[in-house]
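**Student:** The opening position of the sequence shown corresponds to residue 0 in numbering that gives the first Met the number 0, with each subsequent residue numbered one higher.
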Amino acid sequence: MVVLRNIRGWLAGFRGGSLVTPLAILLFLLSCSWTRTLADPGSPHNAVLRVLAWPGYADDDWVSAFEKRFHAKVEVTFVDSDEALWARMHSAVPPPYDVLAANTAEIERYAHAGLLMPLDPSAIPNHRLQRAAFRKLEAIGGLVDGGNTFAMPFTYSSMGLIYDRRQVAVAPHSMRALWDPRYRGKVLDFNSAQHNFSFTALALGYRDPFQLNPAQMRTVARELVALRRNLLTYYTLPEEATALFVQHHAALMFGNYGTQQVELLRRAGVDVGYVIPDEGALAWLDCWAITQGVGNRELAYYWINYMLEPTIGAQLTQREGLANTVTPASNDEVEPSRRLVWLQRVESIGQREALWQRIEAGERLGSFPK
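#1: List the endpoints of the continuous alpha helix (DSSP H) containing Pro-213.
#2: By Cβ distance below 6 Å, which residues in the same chain neighbour Val-340 in space, the five residues on each side in sequence not counted?
#3: Check the DSSP bridge columns for Arg-265 and list the partner residues they point to.
#4: Leu-114 and Val-150 - do their beta-carbons sit closer together than 8 Å?
#5: Provide the residue span of the alpha helix (DSSP H) that contains Leu-201, from first to last.
#6: May I have the straight-line CA-CA distance separating Arg-357 from Gly-184, to the nearest angstrom?
#7: Buried or exposed: which applies to Val-92, given that a residue is buried once 16 or more other Cβ atoms fall within 10 Å of its Cβ?
#8: Which residues mark the beginning and the end of the alpha helix (DSSP H) in which Glu-105 is found?
#9: Relative to the alpha-carbon of His-248, which residue among Gln-193, Ala-138 and Arg-164 has its alpha-carbon at the smallest distance?
#10: Note down, in chain order, each residue of its chain lying with its Cβ closer than 8 Å to the Cβ of Leu-84, except the 5 sequence neighbours on either side.
#11: Can you tell me which residues form a DSSP beta bridge with Ala-100?
#12: Report buried or exposed for Glu-137, applying the criterion of at least 16 other Cβ atoms within 10 angstroms of its Cβ.
#13: If you compare alpha carbons, which of Gly-159, Tyr-182 and Thr-103 is closest to Asp-144?
#14: Okay, do the stretch 191-200 and the stretch 210-221 touch, 3+ Cβ pairs below 8 Å being the bar?
#15: How many Å lie between Leu-284 and Ile-275 at the Cα?
#16: Excluding sequence positions up to five away, which residues of its chain have a Cβ less than 8 Å from the Cβ of Thr-258?
#17: Could you give the C-beta distance for Val-325 and Leu-128, rounded to a whole number, given that I count them as a contact under 8 Å?
#18: Considering only their Cβ atoms, is the gap separating Leu-342 from Leu-251 smaller than 8 Å?
#19: Assuming Lys-72 is part of the alpha helix (DSSP H), what are its boundary residues?
#20: Buried or exposed: where does Arg-108 fall if 16 or more other Cβ atoms within 10 Å of its Cβ makes it buried?
#21: Pull the bridge partners of Met-151 from the DSSP assignment, please.
#22: Identify the residues that DSSP records as bridge partners of Trp-355: which are they?
#23: Whose C-beta lies closer than 8 Å to the C-beta of Pro-124 among residues of the same chain, with five residues either side of it excluded?
#24: Tell me which residue opens and which closes the beta strand (DSSP E) that Tyr-162 is part of.
#25: If you draw a straight line from the alpha carbon of Ala-360 to that of Pro-180, how long is it in whole angstroms?
#26: DSSP three-state call for Val-333: helix, strand or coil?
#27: Pull up the distance between the alpha-carbon of Leu-243 and that of Val-186, whole angstroms please.
#28: Considering only their Cβ atoms, is the gap separating Ala-112 from Tyr-300 smaller than 8 Å?
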């Protein structure tokens, strides 16, 4: 508006036409360009946006279309775990990324660590297109703190139990099926300290799987050691899990990526079923956020708004089998359920990761106290 008023005032001095010369017009155009540069040093033209995300969240065709529309370059870095995401965000000061995608529990963690910039939802017009449950940001744990909004919902999934119908005739009713000796050597598990402790606590009937007391922590650790007897191996990415499931004829899998993995396995020709256990299942809601050290704030807002376009949401669901926050889910497997337990911050990430390193390394059960 300041620029517009300056232009109007500048043109007013030339009314009558006698002073509007080619030189004057040139000076006017240069003035506009110079004024815009001062007013908006973060102009997206020829700028670079650094994106930190999960596979499937920044496909090549989406990135190319964004670059053309906003005359910018996008550099995408993919991660395969929450731990890798945290490490990337601490690889330099300030973090070498502008926008990131993370679940609500991690968003809360990052905000408390001072790594995220508060968002202005009004600067993201497509937020108005989201389904009602995702427009109420203050009702979603981890997104709003001290009156500041730190992230915008993007996609979600339950973390249920995936099973091969040919080997498991009756759908399992509990995550405890992963420990069933009938499936020795035929179970796949996601390589994550936080989620393994949480889903095991849920399977044991603990009221709060994210806030374990010392006795519960010891019990869960021993259960995860016992689970190794049935494991084929651990996986990180959904594509890796699909390849392992097919190649080694796995029977059961903890589906960290949920419906995304179901879609991949069915495309690979495997007749799999997917269940939410009776005790409930963990669920994640991934959101876009802007880092505190963002290099181009305007371009970062454009990216988040672009990710909330209905076309992007529909393609995300079609390609990845993941629900989006704009278009309605098409089946019960991706629709929120009362039995879903949304991820929250845990009592001690450091303690869980220390124990997990010992479990993954193969330490014997006797080395873990009761």
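Yeah, the Cβ is synthetic: ideal placement off N, Cα and C, and Gly gets one too.
Small disclaimer: the values here were computed from a predicted structure and weren't measured.
**Tutor:** Inspection of the coordinates gives the following:
#1: Its alpha helix (DSSP H) spans residues 213-226.
#2: Excluding positions up to five away in sequence, the list reads Gly-279 and Leu-281.
#3: Arg-265 pairs with nothing; no bridge assigned.
#4: Here residue 150 turns out to be Ala, not Val, going by the sequence shown. Result no, Cβ atoms of Ala-150 and Leu-114 do not sit closer than 8 Å.
#5: 192-202 is the span of the alpha helix (DSSP H), which, as asked, contains Leu-201.
#6: Rounded to whole angstroms, Arg-357 to Gly-184 spans 20 Å at the Cα level.
#7: Exposed is the call here.
#8: For Glu-105, the uninterrupted alpha helix (DSSP H) segment begins and ends at 103-111.
#9: Of the candidates Gln-193, Ala-138 and Arg-164, the one whose C-alpha sits nearest the C-alpha of His-248 is Arg-164.
#10: Same-chain partners within the cutoff: Leu-51, Val-78, Leu-99, Ala-101 and Glu-105.
#11: Residue pairing for Ala-100: DSSP places it in a beta bridge opposite Trp-287.
#12: The residue is exposed, with fewer than 16 neighbouring Cβ atoms inside 10 Å.
#13: Nearest option by C-alpha distance: Thr-103.
#14: The stretch 191-200 is in contact with the stretch 210-221.
#15: Take the alpha-carbon of Leu-284 and the one of Ile-275: they are about 16 Å apart.
#16: Here the set comprises Ser-156, Ser-157, Tyr-273, Gly-320, Leu-321, Ala-322, Glu-332 and Val-333.
#17: With 8 Å as the limit, Val-325 and Leu-128 qualify as a contact, their Cβ atoms being about 5 Å apart.
#18: Not closer than 8 Å, so no.
#19: Looking at the DSSP string, Lys-72 is not in any alpha helix (DSSP H); the run it does join, the beta strand (DSSP E), is 71-77.
#20: Buried: at least 16 other Cβ atoms inside 10 Å.
#21: For Met-151, the pairing in a beta bridge is given by DSSP as Trp-287.
#22: Beta-bridge partners of Trp-355 (DSSP): none assigned.
#23: Taking C-beta separations shorter than 8 Å and ignoring five residues to either side along the sequence, the partners of Pro-124 in its chain run Asn-304, following chain order.
#24: 160-163 is the extent of the beta strand (DSSP E) around Tyr-162.
#25: Ala-360 and Pro-180 have their C-alpha atoms spaced approximately 22 Å apart.
#26: Only weak support exists for where Val-333 lies, its pLDDT of 43 falling under 50; the value from the coordinates is given anyway. Three-state result, Val-333: coil.
#27: Approximately 10 Å between the Cα atoms of the pair.
#28: In this structure, Ala-112 does not lie closer than 8 Å to Tyr-300 by Cβ.
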